[in-house]
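Accompanying notes for the structure given below.
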Amino acid sequence: MNNIENNYHHNIDHRKVIQDAIVRQSYKRKIVNRVFTGVTIVCVMLAMIPLGSILFEVVKNGISAISIEFLTQPQGSIIRGGGGVGPAIQGTLLTVGYASLIGVPIGILAGVYLSEYAGNSKFAYTVRFFNSVMTGMPSIVIGIVGYIILVITIGSFNITAGAVALSIIMIPIVVAVTEETLKLVPNSIREAAHSLGIPKWKVTLFITLRSAKNGVLTGIVLAVSRVAGETAPLIMTILGTSLFFQGFVSPVDALPLRIWRFASQPYEHAHSFGWGAALVLIIMVLSLSILLRFLVLEKSFRLGSLVKTRG
Amino acid sequence: MSWMSSEEYANTTSYKLSLLSDTKRRGYKVSVKNLNSWFGSKQALKDINFDVKENTVTALIGPSGCGKTTLIRCLNRMNEMTSSATVKGSVYLDDIDIYASNVDPVIIKRRMGMVFQKPNPFPTMSIYDNVAAGLKLNGIRNKALIREIVEESLKGAVLWDEVKDELGKPGLSLSGGQQQRLCIARALAMQPEVLLMDEPTSALDPIASAKIEELMNELRKELTVIIVTHNMQQAARVSDYTAFMYLGELVEYGPTKQIFENPQKELTERYISGKFG
Chain F
120 MNNIENNYHH NIDHRKVIQD AIVRQSYKRK IVNRVFTGVT IVCVMLAMIP LGSILFEVVK
180 NGISAISIEF LTQPQGSIIR GGGGVGPAIQ GTLLTVGYAS LIGVPIGILA GVYLSEYAGN
240 SKFAYTVRFF NSVMTGMPSI VIGIVGYIIL VITIGSFNIT AGAVALSIIM IPIVVAVTEE
300 TLKLVPNSIR EAAHSLGIPK WKVTLFITLR SAKNGVLTGI VLAVSRVAGE TAPLIMTILG
360 TSLFFQGFVS PVDALPLRIW RFASQPYEHA HSFGWGAALV LIIMVLSLSI LLRFLVLEKS
420 FRLGSLVKTR G
Chain X
735 MSWMSSEEYA NTTSYKLSLL SDTKRRGYKV SVKNLNSWFG SKQALKDINF DVKENTVTAL
795 IGPSGCGKTT LIRCLNRMNE MTSSATVKGS VYLDDIDIYA SNVDPVIIKR RMGMVFQKPN
855 PFPTMSIYDN VAAGLKLNGI RNKALIREIV EESLKGAVLW DEVKDELGKP GLSLSGGQQQ
915 RLCIARALAM QPEVLLMDEP TSALDPIASA KIEELMNELR KELTVIIVTH NMQQAARVSD
975 YTAFMYLGEL VEYGPTKQIF ENPQKELTER YISGKFG
C-alpha cells in the first residue's frame, strides 16, 4: 500500500534546452530589467507632479490669507474683502460629522453582513453589485436626490439633506472597505473565538471587527476625506451661506462651496481667500488621516497596558 | 423561538448542558456513536464509534487526510462552521447528545475547549486580554475574579513565570511555543471539562513541543484531553488511549500500549511500523 516509487529523473535534453534559453536571455534580461525599473520610476514622478504642484500652489497662494480672523470670522464685504471663512469651517465640520454619524455605522454593519453572514448568496451578490455601482454614482445626482427628498419636503435648504447626501456617498466606500478587511481576518481567529463559546454576534463585533479595526478606520478616513471635498451635492442641499449655523432648517456653509464662490468672484482678495480656504480644507483632511492613524497605532494595546500598571 | 417559563427552561437540554457535571461520574465523558461527516459529496468520516474515559489523554493518529481533524472538530460542533460540511450521528458529552436538535452549539463549546494547529492568539489583544476574552465576552464582569482566573490559567499552561511581568504586551509578541501555551491558557480559562487539541505541536520546535507534552500530563488530572497528532512518538508518550484512523474510518481503538505493542489489525501495525503514511 502506498509504496512510493521514485519515478522522477532529470531529463538531460530538457535540461540543455533550459540552460541554453537562460544563457541566451541573460543579456536581454539585464536590459529589460533596467528599462522596466526606469519606466516605473518615471511613472512615479509623473504621478507626483500634479500632487506636488497642487500642494505647492495652494500653500503659496493660500498661506498669506490665513489668520485668526480668517479662521473664525464670517465673510466681510464682498467688494472690499475682510472677514474670513469661519462659517464654512464650522459648516464642513458639522455636515461631515453628521454625515459620518449616519454613514459610518450603516456602512460598517452592511460590510459586516456581507463578509460574515451573507456568504455567496444571490442577495449578497446583488448587494455587492449595487454597492460598486453606487461607488461610481455621480455626486450631483445624489445631490438632486437629497434636494427632492429632504429640501423640497422640509421647505428650505438644510444640513440634514446635506448630511444624508454625503452619507450616501460614504456608505459604499465604507461597505466595500469593511467587507474586504474583514475577509482578510484569518478564519482561525474566528474559530478560536467560537471555540470559547462566544456567541456569533459577539465574535463578529469584539473579535473579528476588532482585528480588522485598522483597515476599517482607514476606510472611514478615506470616505470622510472624499466627502469633505464634495461640492456638487452640497449646492443642491445646504446651499451655502455667509452665516454661522442657524439651525436645522436653514442653509449651512461648507469649505468647498466657499472656495467655489470665492473663485467665481471678480476680486483679487476673493481669489486669495479661495486659496486660503482650499489650504484649510487640505490641512483638515490631512490632519484627520494623520490623527486617526496615530490613534490606530497607539490604542491597540491600551487595555492591556492599563492592566499592567494596576498589577 | 417563543419565550418559555423558567421551569420549562430548566427542562431543556440547553439548560442541562449549561450546568457543570459532577466530576465523579460513571460511564464515559465523551461517546461517539455512528458519526458520519461529508464535505460536499465527499465522505470524510465513516461510521465512527468510540468512547473516551474521564481524566485520560486520547490520541487520534493516522496518515494525512484520514479524517482526524474532521473528527476532533465534530466533537465540539466546530466542523459544521465550514459551509460545505454536514454531520450525521451522535456525540454524547456525559449523557447528552450534543447533536440533538434542541442543543445550542455555543454551550457545547463552553464545556469543550479547543487548541488549534497553529497558535492563533487574538491579534489586537494583550496577553492578559487574550486569556480574559472568553470570560469577558461570556458576560463575566467581576474584575478580581477574571484576574484570578487569568493567573490560574496561565499557571496551568506553564506560561505564567515567563509572562507575569508583561501581561500588557501584545499576545503576538510571544514566541510560537509561548503563543501556543497562551492559546491553551485561553481555553483553560473557560474551565472546560474536555480539551480538544488539533496537532498542537506541529508548528513548534522540539523544546516547545516537549513543554506542551509535559503540560498534557498535568492537564489529564483535571480534565479529559483528546489530541490529534501526526507524531507517533508523541502519541505513545502522552496518551492513555490511541485511535488509529485510515481513509475516514476508525481502524483500531484501544489502550496506547496495546496499539503500539500489540496491534490487532494488520493495517495498524503497518502504519505504526512506518510501512506507509
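If you read the protein sequences in the order shown, they are chains F and X. All the letters of the first sequence, read from the start, carry residue numbers 120 to 430 under the working numbering. All the letters of the second sequence, read from the start, carry residue numbers 735 to 1011 under the working numbering. Even for Gly, the Cβ is constructed at its ideal location relative to N, Cα and C. Model, not experiment: these values are computed from the prediction.
So, does the CB of residue 241 of chain F fall closer than 8 Å to a CB anywhere in chain X? Counted from its first residue, the first sequence places residue 241 of chain F at position 122. For residue 241 of chain F, the answer is no, since every Cβ of chain X falls outside 8 Å of its Cβ.
Taking the alpha carbon of residue 319 of chain F as the reference point, which residue from X:883, X:795 and X:840 has its own alpha carbon closest? Taking the first sequence and counting its residues from 1, one reaches residue 319 of chain F at position 200. If we check each option's Cα against that of residue 319 of chain F, X:840 comes out closest.
Of the residues that make up the region 767–791 of chain X, which ones have a beta carbon closer than 8 Å to any beta carbon in chain F? none
If I follow the unbroken beta strand (DSSP E) through residue 846 of chain X, where does it start and stop? For this step, residue 846 of chain X is matched to residue 112 along the second sequence. Where residue 846 of chain X is concerned, the enclosing beta strand (DSSP E) stretches over 846–849.
Keeping to the same chain, check which residues put their C-beta closer than 6 Å to that of residue 194 of chain F; ignore five residues upstream and five downstream. Numbered from 1 along the first sequence, position 75 holds the residue referred to as residue 194 of chain F. Answer for residue 194 of chain F: 202 and 361, listed in chain order.
Applying the 10 Å Cβ sphere with the 16-neighbour rule, what's the burial state of residue 934 of chain X? Along the second sequence, one-based indexing puts residue 934 of chain X at 200. Its Cβ being crowded by 16 or more others within 10 Å, residue 934 of chain X is buried.
For residue 381 of chain F, count the other beta carbons within 10 Å of its own beta carbon; 16 or more makes it buried, fewer makes it exposed. Which is it? Along the first sequence, one-based indexing puts residue 381 of chain F at 262. Buried, by the Cβ-count rule.
Contact with chain F by residue 910 of chain X, beta-carbon distance below 8 Å: The count along the second sequence starts at 1 and reaches residue 910 of chain X at position 176. Answer no: the Cβ-Cβ gap between residue 910 of chain X and chain F never drops below 8 Å.
Cα-Cα separation, residue 137 of chain F to residue 154 of chain F: Locating residue 137 of chain F in the first sequence gives position 18, counting from the first residue. Locating residue 154 of chain F in the first sequence gives position 35, counting from the first residue. Each residue's Cα considered, the two are about 25 Å apart.
DSSP three-state label for residue 939 of chain X, please. Position 205 of the second sequence, counted from the start, is the residue given in the question as residue 939 of chain X. In the structure shown, residue 939 of chain X sits in coil (DSSP, three-state: anything other than H, G, I, E or B).
What are the residues of the region 857–872 of chain X that lie near chain F, defined by any Cβ-Cβ distance shorter than 8 Å? 857, 858, 859, 860, 861, 862, 863, 867, 868, 871 and 872
Taking the alpha carbon of residue 387 of chain F as the reference point, which residue from F:198, F:316, F:222 and F:323 has its own alpha carbon closest? Position 268 of the first sequence holds residue 387 of chain F. Checking every option, the nearest Cα to that of residue 387 of chain F belongs to F:198.
For the region 910–924 of chain X against the region 936–944 of chain X, do three or more pairs of beta-carbon atoms, one drawn from each stretch, fall closer than 8 Å, so that the two count as touching? yes
Identity of the residue in F:245, F:321 and F:266 nearest residue 280 of chain F by Cα: Walking along the first sequence from the start, residue 280 of chain F turns up at place 161. Measuring from the Cα of residue 280 of chain F, the nearest candidate turns out to be F:266.
Output needed in chain order: residues of the region 293–312 of chain F with a Cβ under 7 Å from some Cβ in chain X. 307, 308, 310 and 311
In the DSSP output, which residue or residues are listed as bridge partners for residue 770 of chain X? Counting from 1 along the second sequence, the entry for residue 770 of chain X is found at position 36. Paired residue(s): X:822.
Have a look at residue 229 of chain F and residue 148 of chain F and give me their C-alpha separation to the nearest angstrom. Here residue 229 of chain F corresponds to residue number 110 of the first sequence, with the count starting at 1. Here residue 148 of chain F corresponds to residue number 29 of the first sequence, with the count starting at 1. Answer to the nearest angstrom: the Cα atoms are 48 Å apart.
What separation, rounded to the nearest whole angstrom, lies between the Cα atoms of residue 818 of chain X and residue 833 of chain X? In the second sequence, counting from the first residue as 1, residue 818 of chain X sits at position 84. In the second sequence, counting from the first residue as 1, residue 833 of chain X sits at position 99. Going from the Cα of residue 818 of chain X to the Cα of residue 833 of chain X covers about 17 Å.
From the DSSP output, in three-state form, read off residue 129 of chain F for me. As a first step, residue 129 of chain F is located in the first sequence; it is residue number 10 there, counting from the start. Reduced to three states, the DSSP call for residue 129 of chain F is coil.
Look up residue 763 of chain X in the DSSP assignment and say whether it is helix, strand or coil. Counting from 1 along the second sequence, the entry for residue 763 of chain X is found at position 29. If DSSP states are grouped into helix, strand and coil, residue 763 of chain X belongs with coil.
Who are the neighbours of residue 332 of chain F on chain X, taking C-beta pairs under 9 Å? Taking the first residue of the first sequence as position 1, residue 332 of chain F is located at position 213. Those are 858, listed as they occur along chain X.
Is the CB of residue 375 of chain F under 8 Å away from at least one CB in chain X? Taking the first residue of the first sequence as 1, we reach residue 375 of chain F at position 256. With 8 Å as the cut-off, residue 375 of chain F does not count as an interface residue toward chain X.
Less than 8 Å separating the beta-carbons of residue 924 of chain X and residue 315 of chain F? Residue numbering aside, residue 924 of chain X sits at position 190 when the second sequence is read from its first letter. Residue numbering aside, residue 315 of chain F sits at position 196 when the first sequence is read from its first letter. Contact flag set, yes.
Rounded to whole angstroms, what is the Cα-Cα separation between residue 867 of chain X and residue 855 of chain X? Walking along the second sequence from the start, residue 867 of chain X turns up at place 133. Walking along the second sequence from the start, residue 855 of chain X turns up at place 121. Distance between the alpha carbons of residue 867 of chain X and residue 855 of chain X: 10 Å.
Go ahead and pull the three-state DSSP assignment for residue 261 of chain F. Against the first sequence, residue 261 of chain F aligns to sequence position 142. Looking at residue 261 of chain F - three-state DSSP - the assignment turns out to be helix.
Using only alpha-carbon positions, find the residue among F:178, F:354, F:190 and F:324 that is nearest to residue 236 of chain F. Residue numbering aside, residue 236 of chain F sits at position 117 when the first sequence is read from its first letter. Ranking F:178, F:354, F:190 and F:324 by Cα distance to residue 236 of chain F puts F:324 first.
Contact the region 154–166 of chain F vs the region 181–192 of chain F: 3+ CB pairs below 8 Å: no
Return the chain-ordered list of same chain residues with a C-beta closer than 6 Å to the C-beta of residue 192 of chain F, the five sequence neighbours on each side being excluded. Here residue 192 of chain F refers to the residue found at position 73 of the first sequence. Excluding residues within five positions, the ones whose Cβ falls inside 6 Å are 202, 203 and 205.
What does residue 358 of chain F touch in chain X if you count any residue whose Cβ is under 7 Å from its own? For the purposes of this step, residue 358 of chain F is identified with residue 239 of the first sequence, where counting begins at 1. Within chain X, no residue comes near residue 358 of chain F; the closest Cβ sits about 43 Å away, beyond 7 Å.
Of all Cβ atoms in chain X, is any one closer than 8 Å to the Cβ of residue 363 of chain F? Within the first sequence, numbered from 1, the residue matching residue 363 of chain F stands at position 244. No, residue 363 of chain F does not count as interfacial toward chain X.
Which of the residues in the region 316–329 of chain F, read from start to end, lie with their CB under 9 Å from any CB of chain X? 316, 317, 318, 319, 321, 322, 325, 326 and 329
Closer than 7 Å by beta-carbon distance: list the chain F residues that pair up with residue 979 of chain X, in chain order. Within the second sequence, numbered from 1, the residue matching residue 979 of chain X stands at position 245. Ordered by position in chain F, no residue passes the 7 Å Cβ test against residue 979 of chain X, which lies about 15 Å from the chain.
Give a yes or no on whether 8 Å exceeds the smallest Cβ distance from residue 852 of chain X to chain F. Within the second sequence, numbered from 1, the residue matching residue 852 of chain X stands at position 118. Yes, because at least one Cβ of chain F sits closer than 8 Å to the Cβ of residue 852 of chain X.
When the Cα of residue 774 of chain X is compared with those of X:902, X:879, X:816 and X:938, which residue comes out closest? To locate residue 774 of chain X, count along the second sequence from 1; it is residue 40. Residue X:816 is the option with its Cα nearest to residue 774 of chain X.
Is there a Cβ of chain F sitting closer than 8 Å to that of residue 837 of chain X, yes or no? For the purposes of this step, residue 837 of chain X is identified with residue 103 of the second sequence, where counting begins at 1. It does not; no Cβ of chain F falls within 8 Å.
According to DSSP, which residues form a beta bridge with residue 983 of chain X? Within the second sequence, residue 983 of chain X is the residue found at index 249, counting from 1. Note: residue 983 of chain X sits in a beta bridge opposite X:980.
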